[in-house]
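Here is the structure we will look at, set down as structure tokens.
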Ligand code: ADP
Ligand code: MG
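In UniProt numbering, the protein residues as written are 1 to 340.
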């Protein structure tokens with residue numbers, strides 16, 4: 001076969017293979033866009049675990065009508081303009097890939113209104129084909145509707161699980177977001193029934209969000225951490241060793257506000273607990289690591305689940321020492337009941 005340029009829709013569907021695994025990944029991308037747009041409240045509605053419908057509505061800044069077609073085009077973003085911007089990126093998004101990818105594998109509708117527009121505009125995309133802009137009633141902000149995920153990609157659709165499982169993934173992700181963003185009101189409804197509401201405008205401890213997200217027992221056993229050194233800050237909560245888990249299900253790490261998995265940091269945390277926790281048990285924690293964005297590369301993974309640190313060894317040491325110090329002060333608590 002001759003070398004040929006792939007049609008844009010096919011290129012988007014290929015990119016979707018990396019970013020859009022299941023309804024939860026669509027919700028993640030849409031809600032992150034809402035947060036990047038400065039939303040104070042985000043509403044998520046799902047039908048059939050998100051497979052039939054995902055609707056995300058925000059009260060953020062909106063998109064001007066003439067930019068709607070760009071928003072669903074490949075490599076189009078308002079968040080960076082140069083390599084320097086990328087190296088210091090502070091928004092959750094920057095790749096300009098999510099909307100075109102999602103729109104290429106669903107029946108997609110984008111409705112948005114900026115504060116100074118007379119009305120909202122709507123743009124539908126189906127099978128990668130853009131419709132025409134239509135006026136629509138909508139308050140300032142954006143609503144994205146994603147129907148029939150993977151309707152045109154049967155191979156992908158086969159990998160979708162039962163409604164409950166897909167919904168569970170969305171709820172897990174939302175919980176981890178709620179921990180990082182107690183300032184934003186988050187609501188989720190499924191098949192017309194409200195499921196959960198995380199109140200906004202607060203901090204993690206004050207409004208009881210730690211209890212809401214990780215449970216009363218975690219909140220009771222949580223040790224507040226806040227330590228800065230060498231331009232690094234580690235804050236959040238770690239559970240006293242008396243509260244341990246059978247699995248790593250309550251290990252939340254955020255780097256500059258982004259939920260990530262990092263083997264080196266998990267290792268540093270485990271090592272800090274090594275002397276105070278029974279073998280085979282897992283610590284529970286919510287940790288926020290902040291550092292200058294130029295010291296961390298977030299452009300490692302299309303879904304941005306992982307980052308790369310410029311000074312990984314120093315970080316490992318910093319996390320280990322901070323937590324070990326905090327835990328050493330609580331040794332008196334050892335020997336209490338082990339819960340799961
Ligand atoms: P990225 O987030 O990487 O920029 P996306 O494909 O997710 O790429 O979105 C493309 C662009 O569309 C964004 O850069 C932003 O300008 C705009 N956009 C998407 N969702 C929203 C939203 N909810 N509110 C305001 N603007 C949005
Ligand atoms: Mg985005």
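The beta carbon of each residue, even a glycine, is placed where N, CA and C say it ideally should be.
Taken through DSSP and simplified to helix, strand or coil, residue 249 comes out as coil.
Put simply, the backbone Cα of residue 120 is about 7 Å away from that of residue 139. The C-beta separation of residue 285 from residue 219 comes to about 13 Å, leaving the pair out of contact by the 8 Å criterion.
Short note on residue 131: C-beta not closer than 8 Å to any heavy atom of the ligand MG. Around residue 103, the same chain offers 72, 125 as residues with beta carbons nearer than 6 Å, after the five sequence neighbours per side are excluded. Between residue 253 and residue 289, the CB-CB gap stays under 9 Å. Residue 173 has no beta-bridge partner at all, per DSSP. Taking 8 Å as the cut-off, one finds at least one heavy atom of the ligand MG near enough to the beta carbon of residue 98. Residue 283 sits in coil when the DSSP states are folded into three classes, being neither helix nor strand. From the listed residues 180, 66, 111, 146, the smallest Cα separation to residue 235 is found for 180. With contacts defined as CB atoms closer than 9 Å, residue 227 and residue 325 qualify as a contacting pair. Cβ-Cβ separation between residue 122 and residue 109: approximately 6 Å, consistent with a contact (criterion under 8 Å).
In this structure, residue 49 lies away from residue 114, with their beta-carbon atoms at least 9 Å apart. Here residue 131 has 124 as same chain residues with Cβ atoms under 6 Å from its own Cβ, once five neighbours each way along the sequence are excluded. With a threshold of 8 Å, the Cβ atom of residue 95 counts as near the ligand MG, since some heavy atom of the ligand is closer than that.
If you check the CB distance, residue 203 and residue 196 do not come in under 9 Å. At a Cβ-Cβ threshold of 9 Å, residue 232 and residue 327 do not count as neighbours. Boundaries for residue 218: no beta strand (DSSP E) harbours it, while the alpha helix (DSSP H) harbouring it runs 216 to 221, taken from the DSSP string. Distance from the CA of residue 268 to the CA of residue 316, rounded to the nearest whole angstrom, comes to 6 Å. In this structure, residue 146 sits away from residue 112, with a CB-CB distance that is not shorter than 9 Å. Remark: the C-beta of residue 32 is in contact range of the ligand ADP, defined as less than 8 Å to any heavy atom.
Between residue 295 and residue 255, the alpha-carbon positions lie close to 11 Å from each other.
The bridge partners DSSP lists for residue 143 are 57, 111. Shown here, residue 63 sits in coil according to DSSP, grouped into three states, outside any helix or strand. Annotation for residue 53: 47, 147 place their beta carbon closer than 6 Å to its own, counting only its chain and skipping 5 residues before and after. With a cutoff of 8 Å, residue 36 counts as near the ligand ADP, since its C-beta is closer than that to a heavy atom of the ligand.
Per DSSP, reduced to three states, the secondary structure at residue 130 is strand.
Rounded to the nearest angstrom, the gap between the Cα atoms of residue 31 and residue 135 is 24 Å. In this structure residue 298 does not touch residue 265 by the C-beta definition: roughly 15 Å separates them, more than the 8 Å allowed. Bounds of any beta strand (DSSP E) do not take in residue 100; it lies within the alpha helix (DSSP H) bounded by 98 to 104. Note on geometry: alpha-carbon atoms of residue 302 and residue 93 lie some 10 Å from one another. Residue 143 and residue 57 have their C-alpha atoms some 4 Å from each other.
Between residue 322 and residue 225, the beta carbon gap of about 7 Å places them in contact (Cβ cut-off 8 Å).
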